[in-house]
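Number of protein chains: 2
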Amino acid sequence: MKKNKAALNAQTSQANFLKLLAHPVRIAILQILSSNETCVCHLEAALGYPQPYLSQQLAVLRTGGLISDRRDGWNVYYQLEQPRVINLLNTLSDLMENPLEDVLLSAPNCPCPKCNQSIPQIAITKKIPLGAEE
Amino acid sequence: MKKNKAALNAQTSQANFLKLLAHPVRIAILQILSSNETCVCHLEAALGYPQPYLSQQLAVLRTGGLISDRRDGWNVYYQLEQPRVINLLNTLSDLMENPLEDVLLSAPNCPCPKCNQSIPQIAITKKIPLGAEE
DNA sequence: GAATTATATGCAGAATTATGCATATAAATT
DNA sequence: AATTTATATGCATAATTCTGCATATAATTC
Chain D
1 MKKNKAALNA
11 QTSQANFLKL
21 LAHPVRIAIL
31 QILSSNETCV
41 CHLEAALGYP
51 QPYLSQQLAV
61 LRTGGLISDR
71 RDGWNVYYQL
81 EQPRVINLLN
91 TLSDLMENPL
101 EDVLLSAPNC
111 PCPKCNQSIP
121 QIAITKKIPL
131 GAEE
Chain G
135 MKKNKAALNA
145 QTSQANFLKL
155 LAHPVRIAIL
165 QILSSNETCV
175 CHLEAALGYP
185 QPYLSQQLAV
195 LRTGGLISDR
205 RDGWNVYYQL
215 EQPRVINLLN
225 TLSDLMENPL
235 EDVLLSAPNC
245 PCPKCNQSIP
255 QIAITKKIPL
265 GAEE
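So the protein lines, in turn, are chains D and G. 1 is the number of the first residue of the first sequence in my numbering; add one for each residue after it. 135 is the number of the first residue of the second sequence in my numbering; add one for each residue after it.
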């Protein structure tokens with residue numbers, strides 16, 4: 001009897017989908033986008049990674065159909081194309097008992113229009129410990 | 135001002151966890167285990183992959199803490215260590231509108247004790263189309 | 001139209017993962 | 001203790017992903 005490998009079509013596309021998510025920066029990007037449409041410079045300010053690096057990760061997510069972009073003047077704004085992905089990330093945080101992250105809420109020195117509409121965002125409530133910056 | 139990368143600790147461990155799952159054969163294994171404690175030879179019969187290959191994928195899942203093994207005589211039986219992983223896989227199937235797989239239910243010619251306790255398993259209800267085997 | 005600002009792409013080397021195959025171990029049977 | 005059955009490990013090569021950096025594009029302002 002010849003041994004035939006099972007096709008595993010569904011599992012293969014599921015695995016490919018998970019590969020899109022299996023990256024810390026891409027997870028962080030999706031979490032940020034889950035609360036707001038966001039421009040690249042905001043991600044840069046929030047995450048501290050170089051712009052070309054973030055653009056590449058955004059390209060991975062965009063090519064994978066998870067997010068979409070919209071240009072407005074100078075800025076390109078990204079948003080979730082498939083908001084239900086957040087269900088998955090929530091199930092994951094739940095499973096791993098990781099609290100939803102903090103980091104993602106503050107984007108000090110973000111120059112984007114949305115961050116500078118009127119009032120500076122968190123600034124006052126956030127204490128910067130001595131020696132944190134140089 | 136120096137740009138500091140965000141730590142992304144939670145996201146990093148989440149990504150590592152997803153990497154364990156982001157593989158078609160490993161997903162299939164977990165789905166099979168979700169319904170039953172299962173020995174390696176059963177997986178071999180169900181999936182049609184060579185035994186050493188499956189043992190390697192099992193080792194990945196075992197090392198990652200997702201499954202555990204128990205020896206009984208000749209056979210080693212694996213079971214889910216973290217049954218809530220199935221929530222995640224279900225959320226995923228749901229998201230991708232993949233029906234839960236069929237393939238995984240039949241393991242023709244499985245020699246393991248569990249498959250040969252008394253009655254042949256599915257045999258009768260399952261029609262094998264002409265020319266499916268040679 | 002030249003300079004500026006925001007974002008995207010290309011490419012290369014490093015690192016990691018996937019896969020196949022030979023062989024090792026471990027319990028059971030004789 | 002030799003053989004058989006079930007499973008695990010080691011290693012080599014191929015394939016893929018990661019990451020950093022240089023450069024390209026595209027809209028805007030001067």
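Heads up, the beta-carbon is just placed ideally off N, CA and C, and yes, glycines get one too.
Starting from the C-beta of residue i, find all residues in its chain whose C-beta is less than 8 Å away, skip the five residues before and the five after it, and write them out in chain order.
i	result
Cys115(D)	His42, Ala45, Ala107 and Gln121
Arg205(G)	Tyr211
Val40(D)	Gln51, Leu54, Ser55, Leu58, Asn75, Val76 and Tyr78
Leu278(G)	Outside the modelled stretch of chain G, which goes from 135 to 268, sits residue 278(G), for which no answer is possible.
I'd like the list of long-range same chain contacts for residue i, defined as Cβ closer than 7 Å, with 5 residues on each side in sequence excluded.
i	result
Tyr187(G)	none
Thr38(D)	Ile32, Tyr77 and Tyr78
Asn170(G)	none
DSSP three-state label for residue i, please.
i	result
Leu164(G)	helix
Cys39(D)	strand
Ile128(D)	With a pLDDT of 36 at Ile128(D), under the threshold of 50, the modelled position of this residue cannot be trusted; read the value that follows with caution. Correct three-state label for Ile128(D): coil.
Arg196(G)	helix
Gln213(G)	strand
Ser106(D)	coil
Give a yes or no on whether 8 Å exceeds the smallest Cβ distance from residue i to chain G.
i	result
Tyr49(D)	yes
Val76(D)	no
Arg84(D)	yes
Ala59(D)	no
His42(D)	no
Pro24(D)	yes
Gln79(D)	no
Lys114(D)	no
Gln56(D)	no
Thr91(D)	yes
Ile27(D)	yes
For residue i and chain D, any beta-carbon pair shorter than 8 Å?
i	result
Ser169(G)	no
Leu222(G)	yes
Leu239(G)	no
Ser147(G)	yes
Leu152(G)	yes
Leu155(G)	yes
Leu200(G)	no
So, at 6 Å on beta carbons, what are the nonlocal neighbours of residue i in its own chain, with the 5 sequence-adjacent residues on each side left out?
i	result
Val159(G)	Gln191
Gly198(G)	Leu154
Asn109(D)	Ala45
Asp69(D)	Val76 and Tyr78
Would you check if the region 55-71 of chain D and the region 185-203 of chain G touch, i.e. whether three or more CB-CB distances between them fall below 8 Å?
-> no
Segment contact, 8 Å Cβ cut-off, at least three pairs: the region 81-99 of chain D with the region 140-157 of chain G | yes
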